[in-house]
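By the numbering used here, the letter at position 40 of the sequence shown is numbered 165, and the numbering carries on one by one without gaps. Just so you know, even glycine gets a beta-carbon here, dropped at the ideal spot from N, CA and C. Some notes on the structure that comes next.
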Amino acid sequence: MVFATRFAPSPTGHLHRGHAFSALTAFEAARAVRGRFILRIEDIDATRSRPEYEAAILEDLTWLGLNWDQPVRRQSEHLSDYHAAIDDLRERGLVYRCFRTRKELDIGRAPHEPQAPFEGGPLPCHEEAERLTRDEAFAWRLSLAAAKEALGGFETLTFIEEGAGPDGEAGPIAARPETAGDIVLARKDVGVAYHLAVVLDDALQDVTHVIRGEDLFEAAHIQRLLQALLGLPTPTYRHHRLLMGADGKRYAKRDKAQTLRELRAAGVTVAALRAEIGF
Ligand code: GLU
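Written as structure tokens, this is what we have:
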């Protein structure tokens with residue numbers, strides 16, 4: 126299969142240097158082997174995604190000198206594909222309804238502690254029926270226990286890391302999906318979870334290499350499990366280091382990192398930016 130990689134931003138803000146680094150890393154990798162470079166807009170979170178950010182992303186990437194396969198896949202246009210996959214998992218007893226609110230899940234958790242992996246399992250039938258009658262909101266969670274049974278254990282779940290995880294993990298990696306607990310695959314407000322949409326799209330778009338920041342290394346462990354459950358191929362992973370600012374911190378939307386548009390408006394050239402971030 127021809128080498129294919131992708132850059133998959135969520136249009137929830139403007140791109141900054143960290144995105145430029147990631148997009149260029151993937152783009153140059155594809156170009157070096159005359160492979161395909163795919164741009165995918167991950168806008169399943171309708172509460173946070175904005176069309177004007179998507180337009181700005183296309184503009185910024187064009188400014189950077191990138192070009193990509195057409196048409197661009199926009200996840201919000203394929204929600205029924207993702208729901209079909211959830212239905213499939215549901216028919217196989219691999220997901221269950223979880224009615225717990227965020228507040229309930231947070232009981233006993235100190236504010237600085239990360240949320241503990243959740244493995245509650247389904248409610249007893251009568252209680253579930255009662256809550257459904259009351260029209261209570263629920264999320265679909267993947268049952269690790271059911272998944273383990275269906276696959277006969279997680280031992281065969283491995284993936285190849287050609288880059289490195291945050292602790293230098295490289296080479297053949299044994300996936301540890303259990304560390305995430307029973308992940309949410311769909312919610313009332315966000316109809317489908319990122320993990321599910323990503324594995325389906327990577328398979329559908331024949332992505333052979335997932336090139337992205339090491340902050341998503343843990344996601345590969347969960348995504349590997351979903352690939353196995355849905356009978357999808359596993360791409361090769363190449364997680365890259367995160368670009369750090371002068372303050373030694375990674376660039377992030379929430380820290381109001383200087384955006385590519387701001388750099389452009391300030392007269393920074395693409396050549397200067399490329400040199401600054403190591404291209
Ligand atoms: N949409 C994700 C993000 O913006 C990236 C997904 C991925 O590369 O797998 O963080």
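Going by C-alpha to C-alpha distance, which of the options sits closest to residue i?
i      : options                           : result
Gly138 : Ala377, Arg389, Thr394 and Ala397 : Ala377
Cys223 : Ala210, Phe243 and Leu204         : Phe243
Glu343 : Ala382, Arg375, Leu325 and Glu303 : Glu303
Ala154 : Ile182, Arg165, His334 and Glu286 : His334
Ala151 : Leu164, Arg142 and Leu388         : Leu164
Arg366 : His251, Phe132 and Ala289         : Ala289
Ala272 : Gln352, Ile182, His144 and Ala390 : Gln352
Gly245 : Arg349, Leu267 and Asp292         : Leu267
Val323 : Ala262, Gln348 and Glu202         : Gln348
His141 : Phe132, Arg175 and Asp185         : Asp185
Tyr207 : Val317, Glu387 and Arg337         : Val317
Counting along the chain, where does the beta strand (DSSP E) carrying residue i start and finish?
i      : result
Tyr221 : Val220 to Cys223
For the ligand GLU, is there any heavy atom lying closer than 7 Å to the beta carbon of residue i?
i      : result
Pro358 : no
Pro247 : no
Ala275 : no
Arg337 : yes
Ala264 : no
Ala155 : no
Pro176 : no
Val315 : no
Pro196 : no
Ala181 : no
Leu351 : no
Leu368 : no
Val323 : yes
Ala133 : yes
Leu140 : no
Leu257 : no
Leu149 : no
Please classify residue i: does DSSP put it in a helix, a strand, or coil?
i      : result
Trp193 : coil
Thr281 : coil
Glu294 : coil
Leu385 : helix
Arg165 : strand
Gly316 : coil
Thr304 : helix
Thr130 : strand
Arg173 : coil
Thr361 : strand
Leu310 : strand
Val323 : helix
His251 : helix
Ile336 : strand
Ala264 : strand
Arg199 : strand
His375 : According to the sequence provided, residue 375 is Arg. The question's His does not apply to it. Arg375: strand per DSSP, three-state reduction.
Ala391 : coil
Start and end of the alpha helix (DSSP H) containing residue i?
i      : result
Ala289 : It is not in any alpha helix (DSSP H) - Ala289 carries neither H nor E in the DSSP assignment.
His208 : Leu204 to Glu216
Ala157 : Arg142 to Ala157
Ile347 : Phe342 to Leu355
Leu276 : Leu269 to Leu276
Val395 : Val395 to Glu401
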